[in-house]
Structures are given as C-alpha cells and as structure tokens.
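Numbering (the numbering used here), first residue to last: 54 to 576. A virtual CB, placed ideally from N, CA and C, is assigned to each residue, including glycine.
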Amino acid sequence: MASSSLPFTSLHLQFVSPNTKSSTTRLSSRRIRASVSEKPPVPAPAVAVPAKGETKLPLKKIPGNYGVPIVGPFKDRLDYFYNQGRDEFFKSKIQKYNSTVFRTNMPPGPFISQDPKVVALLDGKSFPVLFDVTKVEKKDLFTGTYMPSTDLTGGYRILSYLDPSEPKHARLKQLLFFLLKSRRDHVIPEFQASYSELFETLEKEVAEKGKSSFQTANDQAGFNFLCRAFFGSNPPDTKLGTDGPSLISKWVLFQLGPVLKLGLPKYVEELLIHTFPLPPALVKKDYQRLYDFFYESSGSIQDEAEKLGISREEACHNLLFATCFNSFGGMKIFFPNMLKWIGRAGIKLHNRLATEIRSAIRSNGGKLTMAAMEQMPLMKSVVYEALRIEPPVPLQYGRAKKDIVIETHDAVFQVKQGEMLFGFQPFATKDPKIFERAEEFVGERFMGEEGEKLLKHVLWSNGPETQQPTLGNKQCAGKDFVVLMSRLLVVELFRRYDSFDIEVGKSALGAAVTVTSLKRASF
Numbered sequence: 054m055a056s057s058s059l060p061f062t063s064l065h066l067q068f069v070s071p072n073t074k075s076s077t078t079r080l081s082s083r084r085i086r087a088s089v090s091e092k093p094p095v096p097a098p099a100v101a102v103p104a105k106g107e108t109k110l111p112l113k114k115i116p117g118n119y120g121v122p123i124v125g126p127f128k129d130r131l132d133y134f135y136n137q138g139r140d141e142f143f144k145s146k147i148q149k150y151n152s153t154v155f156r157t158n159m160p161p162g163p164f165i166s167q168d169p170k171v172v173a174l175l176d177g178k179s180f181p182v183l184f185d186v187t188k189v190e191k192k193d194l195f196t197g198t199y200m201p202s203t204d205l206t207g208g209y210r211i212l213s214y215l216d217p218s219e220p221k222h223a224r225l226k227q228l229l230f231f232l233l234k235s236r237r238d239h240v241i242p243e244f245q246a247s248y249s250e251l252f253e254t255l256e257k258e259v260a261e262k263g264k265s266s267f268q269t270a271n272d273q274a275g276f277n278f279l280c281r282a283f284f285g286s287n288p289p290d291t292k293l294g295t296d297g298p299s300l301i302s303k304w305v306l307f308q309l310g311p312v313l314k315l316g317l318p319k320y321v322e323e324l325l326i327h328t329f330p331l332p333p334a335l336v337k338k339d340y341q342r343l344y345d346f347f348y349e350s351s352g353s354i355q356d357e358a359e360k361l362g363i364s365r366e367e368a369c370h371n372l373l374f375a376t377c378f379n380s381f382g383g384m385k386i387f388f389p390n391m392l393k394w395i396g397r398a399g400i401k402l403h404n405r406l407a408t409e410i411r412s413a414i415r416s417n418g419g420k421l422t423m424a425a426m427e428q429m430p431l432m433k434s435v436v437y438e439a440l441r442i443e444p445p446v447p448l449q450y451g452r453a454k455k456d457i458v459i460e461t462h463d464a465v466f467q468v469k470q471g472e473m474l475f476g477f478q479p480f481a482t483k484d485p486k487i488f489e490r491a492e493e494f495v496g497e498r499f500m501g502e503e504g505e506k507l508l509k510h511v512l513w514s515n516g517p518e519t520q521q522p523t524l525g526n527k528q529c530a531g532k533d534f535v536v537l538m539s540r541l542l543v544v545e546l547f548r549r550y551d552s553f554d555i556e557v558g559k560s561a562l563g564a565a566v567t568v569t570s571l572k573r574a575s576f
C-alpha cells in the first residue's frame with residue numbers, strides 16, 4: 054500500500070500498464086451481486102460559497118489552535134498516545150469544535166518534527182483532497198510531519214517520499230510497474246505454496262498447544278511469498294535464512310517509532326522513541342543484510358532500472374523498501390486485521406464464504422484461477438469491507454500548493470498555501486453520511502450495483518478504489534495486487550476450513566490474532 058501515510062502504505066506493485074489509466078490486465082471486477090443502498094448525503098444549508106456549482110455551503114473559519122510552542126504539541130502528543138488514545142483524541146476535538154475540520158498538532162512534535170501543526174480532515178467528503186496532486190504536495194510527507202534519516206535507506210530519498218513533480222518519481226514508479234508485470238504469473242502459485250506452509254504450521258500448533266499465533270506464521274509466509282513471487286528467490290535457502298521478518302521489524306521501528314505506541318511505560322517510551330530519533334547506526338548491519346539479499350536476487354530488475362536511467366544501487370534500495378516496508382508491512386498489518394473482522398463475523402458468514410469459494414473453484418475444473426475468483430462476489434465484498442473498516446493506511450498528509458477551499462458535508466473552509474493537511478482515514482471510510490451502519494463489518498456491503506457505487510469511498514490505496522494508479526499520481530502502485538493478495542488469503546482459508554475461532558489482542562501495528570481452532574472442510 055506510494056502515498057503519504059502511516060504506519061505502512063501497502064504495496065507499490067500492480068498489474069496495470071503505466072501508460073494507461075485502466076488496464077486490460079486489471080485484477081478486480083467492479084460488478085458484485087446483491088445490494089446495499091447508499092445513504093444519500095445530507096443537504097446542507099444554502100449560504101455563501103458555491104460547492105462545485107451544485108449546492109451552497111457556509112464559509113467557516115477553521116476552528117482549533119496549536120497552543121503554546123513546544124507545550125501545545127507536547128500536550129497533544131500525550132493526549133494522542135496516552136491520556137485519550139488516537140481515536141478518542143480525534144473524536145473529542147470533533148465534538149469540541151462541532152466540526153470534522155480543525156487545527157491541531159500531530160505527533161511526534163518536539164524535538165523530532167520541526168512543525169507539527171496540521172489542518173485535520175476527518176470526514177469522507179473533505180479527505181479526498183489529499184489525493185489531488187494539483188492541490189497538495191507530497192514531498193517528504195510519507196511519514197507525516199517528520200522524515201526519517203536517509204541513512205536508513207542507503208542515503209536515498211525513496212519513491213514514497215517523492216512528489217510526482219520530481220523527475221525520479223515517474224522513473225521509479227515505472228520500475229515497480231515493470232517488476233510486478235514481469236512476475237505476475239508467479240503470484241498465485243507462490244502464494245499458494247507459502248500459505249500452505251502457514252496453514253500447516255497453524256494446524257500443527259493448534260493440535261499440540263491449543264492455539265497458534267497468526268502473526269508469527271504470517272510474517273514468515275508473507276516475506277517468503279514476496280521474495281519468491283517477485284525475485285524467484287527463497288530466503289531460507291540464502292544467507293538471510295529466516296531472519297528477514299525480524300530484521301525488517303527492527304528497521305521499520307527506527308523509521309516509525311516516533312508515531313508508534315509500543316506499550317512501554319509512558320515516560321520511558323516518550324524519551325526513547327517520541328522525543329529524539331533512534332540512531333540509524335544501530336540497524337546498519339541489519340539493513341546491509343537485507344540489501345545484500347535484494348541486490349543478489351533482483352539482477353534482472355536492476356537491468357531494467359539502468360534502462361530507465363536509475364542506478365543499480367538506487368534501484369535496489371527502492372526494491373527493498375517497496376518489498377519490506379510497503380508490501381511486507383501491508384501484509385503484517387492488514388492480514389491479521391482482516392482475519393479479526395472475518396472471525397468476529399461468525400459462522401454464518403464463514404459458511405457462505407466456504408460455499409461460494411468451493412463452488413466457484415469446482416466450476417472452474419477444481420483449479421483456482423482469476424476467472425474463478427471473479428465468480429466469488431461475497432468474497433470480493435468481504436475484502437473491500439475489511440479495507441474500508443480498518444484501512445492499513447490510516448494517516449495521510451499533503452501540503453497545500455496554493456490557497457484552496459476544503460469542502461465537508463455542511464461547510465467549506467479556506468486553507469492557505471503551505472499549510473499541512475492531515476487525514477485520519479478510518480473516520481473518512483466510516484463516515485455515517487456515506488455508509489449505513491458505518492461502524493459495523495457488513496460482509497455483503499459492496500455486492501450488487503448499489504454496493505458497487507460505494508467503492509469510490511474505499512480509499513486505502515491513497516485514492517478511490519474506482520481509480521487506478523498512474524505515473525503522475527501518488528496512488529499505491531500495487532493497488533490491484535493488494536486486493537488480489539487479500540482475496541487469495543480468504544480463498545485459501547475457506548478452501549481448507551469451514552470455520553475458525555480466534556482470540557484478539559493488541560500490537561503496535563494492528564491486531565494480535567491467535568488462532569484457537571480450525572474446523573476442517575466438511576463438504
């Protein structure tokens with residue numbers, strides 16, 4: 054999941070041609086059966102400023118303030134992480150100002166971020182301005198109001214930190230398009246092989262211990278899958294061995310620590326990761342091990358990079374980042390979260406998924422193909438719903454390129470050139486003025502023609518689900534790949550099992566899921 058977002062963007066790899074807005078090799082079909090009605094937007098009172106020529110909304114001053122320098126940002130940081138928690142931090146300000154647009158400080162603040170001041174956009178109507186690169190700049194905003202040291206990425210500003218206006222952006226994104234296009238035939242078989250190993254591990258541990266950590270098995274399976282699918286290299290057969298996931302987790306911590314909550318005592322955590330950046334030298338050897346593996350495994354992709362005018366070294370650092378931070382990170386966050394929501398939905402949904410998935414595979418000669426998955430409307434809707442209700446890309450940023458007007462459901466606000474805009478995506482994708490039962494996981498939400506209309510409000514990829522990434526935007530280059538990968542997990546799960554039970558805890562990067570039972574397929 055390229056975008057300005059946290060804690061991970063998903064993937065920077067996709068199955069579309071970089072030269073067209075839509076592709077003949079698109080992996081997702083929009084048409085899904087059944088229906089969920091779209092709740093119409095609430096009409097706003099007619100006053101002052103035209104909203105795209107359709108209605109007139111009142112022009113309002115952006116409420117909120119930033120407080121006293123240093124003190125204000127520090128107080129907001131403590132509220133965000135400890136006193137209130139992230140969601141309540143935003144909810145309380147919405148209630149205080151009676152507005153989904155307001156001024157606030159965003160972590161980390163002092164002394165890592167030079168300027169923590171943002172204009173927050175917390176509804177589904179204002180949020181999409183963050184995707185409009187004619188209005189906002191994305192330069193060095195991938196992690197928000199601070200940028201980690203380039204010492205963590207070989208001295209290079211990686212694609213995620215580049216604005217589309219920068220010449221290297223198009224070349225690097227083109228390289229990632231080439232990577233996935235050249236390896237697309239390996240994705241399904243390598244996923245099946247890697248995740249067959251995961252399910253075997255889960256079954257064995259549940260049988261022996263009564264439970265099994267999905268995270269641990271998923272980390273190894275996910276990393277092996279990505280390396281096998283994209284580079285034809287199996288990490289356990291190399292010098293890297295099975296160390297990849299642990300090395301990546303440590304390296305990512307040094308980049309995202311300032312905006313994570315690890316569960317340490319408050320003031321220890323504040324001093325250790327929120328106040329000063331961790332020194333990159335502490336992970337230099339770990340990063341070098343990862344770099345050596347990718348350099349040795351990605352020769353053909355580096356050859357293509359040279360044709361595009363990118364050095365082999367810069368290409369390798371970008372391939373490492375796209376695979377380990379974006380791709381592996383997305384799987385590490387989203388797969389447990391999706392499993393959590395499907396698990397909680399209960400046996401009725403499980404039975405419907407198992408029936409649909411197995412029937413579609415049987416009707417396609419017993420083999421899992423793209424055509425077979427297009428005959429699984431409920432499965433596809435469930436994946437979109439998981440991406441909607443808990444997107445793996447929760448925080449997004451953009452700096453106003455010029456004076457602009459931000460429109461919500463019931464007002465407009467003026468933002469000055471240079472001001473930082475911030476969006477918390479879960480509030481946008483759970484906007485009750487857009488989605489009925491917005492806080493509930495509704496597996497069939499995106500089925501049928503009415504459900505299909507709602508896909509434009511699924512925004513996890515740094516853009517609407519109904520749009521495609523291009524060389525000139527910041528939408529996740531791997532948008533369709535992420536959807537495919539997520540569908541494959543659901544399909545492989547319900548090919549094998551009628552149902553499953555889980556226990557859910559918390560982790561720094563989403564849900565901690567423990568599998569406690571797996572009911573083998575009975576039909």
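query = Skipping 5 residues on each side, what residues in its chain have a beta carbon closer than 6 Å to that of E357?
reply = Excluding positions up to five away in sequence, the list reads F231.
message = Excluding the 5 residues flanking T295 on each side, which residues of the same chain have their C-beta closer than 8 Å to its C-beta?
response = These residues qualify, in order along the chain: Q273, P288 and P289.
inquiry  = Within a Cβ cutoff of 7 Å, which residues of the same chain sit near Y150, ignoring the five residues on either side of it in sequence?
reply    = Within the same chain, Y150 has close Cβ partners P116 and G117.
task = Return the Cβ separation of I414 and L421 in integer angstroms, given the expectation that the two are a contact with Cβ distance under 8 Å.
result = Contact flag correct, Cβ pair sits at about 6 Å.
ask   = Quick one: is A334 buried, meaning 16 or more other Cβ sit within 10 Å of its Cβ, or exposed?
value = Exposed.
Span separating the alpha-carbon of P330 from that of F576 = The straight-line gap from Cα to Cα measures roughly 54 Å.
ask   = DSSP state of V568, grouped into three classes?
value = Three-state DSSP puts V568 in a strand.
task = Report yes if the CB atom of K532 is closer than 7 Å to the CB atom of K191, and no otherwise.
result = Not a contact, by the Cβ cut-off of 7 Å.
request  = Note the first and the last residue of the continuous alpha helix (DSSP H) segment covering Q245.
outcome  = First-last of the alpha helix (DSSP H) with Q245: V240 to K262.
message = Using a Cβ-Cβ cutoff of less than 6 Å, which residues in the same chain neighbour G476 once the five nearest sequence positions on both sides are dropped?
response = Within the same chain, and ignoring the five residues on either side of G476 in sequence, the residues whose Cβ sits closer than 6 Å to its Cβ are L174, F180, L183 and Q449.
inquiry  = Could you tell me the alpha carbon to alpha carbon distance between L392 and G263, rounded to whole angstroms?
reply    = When rounded, the separation of the alpha-carbon atoms in L392 and G263 is 18 Å.
ask   = Between which two residues does the alpha helix (DSSP H) containing Y348 stretch?
value = Where Y348 is concerned, the enclosing alpha helix (DSSP H) starts and stops at K337 to S350.
ask   = Just checking my contact of K454 with K188 at CB under 8 Å: how many whole Å lie between their CB atoms?
value = A Cβ-Cβ distance of about 6 Å is found for the pair K454 and K188, placing them in contact under the 8 Å criterion.
inquiry  = Am I right that F499 and S434 are in contact with their C-beta atoms under 8 Å? What's the rounded C-beta distance?
reply    = Between S434 and F499 the Cβ distance is about 4 Å, and since that is below 8 Å, they are a contact.
key: Collapsed DSSP secondary structure at K105 in the structure displayed   = Unreliable placement is indicated for K105, whose pLDDT of 49 sits below 50; the coordinate value is still reported in the next sentence. In the structure shown, K105 sits in coil (DSSP, three-state: anything other than H, G, I, E or B).
request  = Name the residue from D238, F127, P332 and S539 whose alpha carbon lies nearest to the alpha carbon of G383.
outcome  = Closest by C-alpha distance to G383, out of D238, F127, P332 and S539, is S539.
query = To which residues of the same chain is T203 closer than 7 Å at the C-beta, ignoring the five residues directly before and after it?
reply = Excluding five sequence positions before and after T203, the CB atoms of its chain that fall closer than 7 Å to its own CB belong to Y209 and R210, given in chain order.
Euclidean distance between Cα positions of S218 and G525 = C-alpha separation (whole angstroms): 8 Å.
query = Grouping DSSP H, G and I as helix and E and B as strand, with all else coil, what is T157?
reply = The answer is strand: DSSP assigns T157 an E or B state.
request  = Determine the contact status of L229 and F307, defining contact as a CB-CB distance below 7 Å.
outcome  = No; because the gap between Cβ atoms is not below 7 Å, this pair is not in contact.
ask   = To the nearest angstrom, how far is it from the Cα of L80 to the Cα of K146?
value = Because L80 carries a pLDDT of 35, less than 50, the predicted location of this residue cannot be relied on, and the following value inherits that uncertainty. For L80 and K146, the distance between alpha carbons rounds to 40 Å.
inquiry  = Starting from I555, trace the beta strand (DSSP E) in both directions and tell me its first and last residue.
reply    = Judged by DSSP secondary structure, I555 falls within the beta strand (DSSP E) whose first and last residues are Y550 to S560.
task = Count the CB pairs spanning the region 504-511 and the region 344-361 that are closer than 8 Å, and state whether there are at least three.
result = Contact fails: fewer than three Cβ-Cβ distances are below 8 Å.
query = If you draw a straight line from the C-alpha of K319 to the C-alpha of P311, how long is it?
reply = Approximately 13 Å, taken between the alpha carbons.
inquiry  = Going by the DSSP bridge assignment, what does K170 pair with across the sheet?
reply    = When DSSP reads this structure, K170 sits in a beta bridge with N158.
Assigned secondary structure, V189 (DSSP; H/G/I helix, E/B strand, else coil) = Three-state DSSP puts V189 in a strand.
message = With a threshold of 6 Å on Cβ separation, who are the neighbours of S166 within its own chain once the five nearest residues in sequence on each side are excluded?
response = The residues are T198 and Y199.
request  = Look at the alpha carbon of R156 and the alpha carbon of S350, and state the distance between them as a whole number of angstroms.
outcome  = Cα-Cα distance, rounded: 47 Å.
task = Kindly confirm or deny that the region 476-496 and the region 436-450 touch, where touching means at least three C-beta pairs closer than 8 Å.
result = The region 476-496 vs the region 436-450: in contact.
query = Pick from L324, L313, K234 and L251: whose alpha carbon is nearest that of A282?
reply = Measuring from the Cα of A282, the nearest candidate turns out to be K234.
inquiry  = Give me, in chain order, the residues of the same chain whose beta-carbon lies closer than 7 Å to that of L373; leave out the 5 immediate sequence neighbours on both sides.
reply    = By the criterion of a C-beta distance shorter than 7 Å, L373 is surrounded in its chain by L343, Y344 and F347, once the five residues flanking it on both sides are discounted.
message = Classify F387: buried if its beta carbon has 16 or more other beta carbons within 10 angstroms, exposed otherwise.
response = Looking at its Cβ environment, which holds 16 or more other Cβ atoms inside 10 Å, F387 is buried.
query = DSSP on K144, reduced to helix/strand/coil?
reply = If DSSP states are grouped into helix, strand and coil, K144 belongs with the helices.
message = If distances are taken between C-alpha atoms only, which option among T153, P485 and I326 comes closest to F164?
response = Looking at the Cα atoms, I326 is the closest of the given residues.
Nearest-angstrom Cα separation, counted from N277 out to H403 = If you take the alpha carbons of H403 and N277, they lie about 28 Å apart.
ask   = Which value, in whole angstroms, describes the spacing of the CA atoms of K257 and K292?
value = Using only the alpha carbons, I get a separation of about 27 Å.
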